[in-house]
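In our numbering, the protein residues as written are 917 to 1042.
Every residue gets a Cβ at the ideal spot worked out from N, C-alpha and C, and that includes glycine.
The structure displayed is predicted, hence computed values, not measured ones.
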């Protein structure tokens, strides 16, 4: 594992299937709305999917087994067709309770450069 900042990663364009797959994994099967005229004809997420994608970026960089703290703030919804570009950088490196740690700041922006999600995390860095 390295604390060297990786290149940004882009997810998407997101599809209806991406939203359904995330919802299915997060809370169980989503009923089909194909035959329901009262069902909305769109899908959006105000944050959980974007936070999950940002955490994927961070754990692919620093390792899922080394997460000590992960905090997010979702600021705008994503829609089908949107992309999310994730990036991050090391804020500080230190030793805590005998473990070498890094604090990182992460951000996910949509295709127009608008911030959709931010995160702050601590990882053990061996």
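- Grouping DSSP H, G and I as helix and E and B as strand, with all else coil, what is residue 1032? strand
- Message: For residue 1021, which residues in the same chain have their Cβ closer than 7 Å to its Cβ, ignoring the five residues on either side in sequence?
- Response: The residues 1004, 1005, 1007, 1036, in chain order, have a CB closer than 7 Å to that of residue 1021 in the same chain once the five nearest residues on each side in sequence are set aside.
- Task: Answer yes if the segment 925 to 936 comes into contact with the segment 979 to 993, meaning at least three C-beta pairs across the two stretches below 8 Å, and no otherwise.
- Result: no
- Task: Taking the CB atoms as reference points, tell me whether residue 1027 and residue 919 lie closer together than 8 Å.
- Result: no
- Item | Bounding residues of the alpha helix (DSSP H) (the contiguous stretch that carries residue 965) | 964 to 978 is the extent of the alpha helix (DSSP H) around residue 965.
- Is it the case that the Cβ atoms of residue 1024 and residue 1002 are separated by a distance below 8 Å? Cβ distance < 8 Å, so residue 1024 and residue 1002 count as in contact.
- Message: Please state whether the Cβ-Cβ distance between residue 988 and residue 1000 is less than 8 Å.
- Response: no
- Could you tell me which residues DSSP puts in a beta bridge with residue 1038? 985, 1019
- Tell whether a beta-carbon distance below 8 Å holds between residue 966 and residue 994. yes
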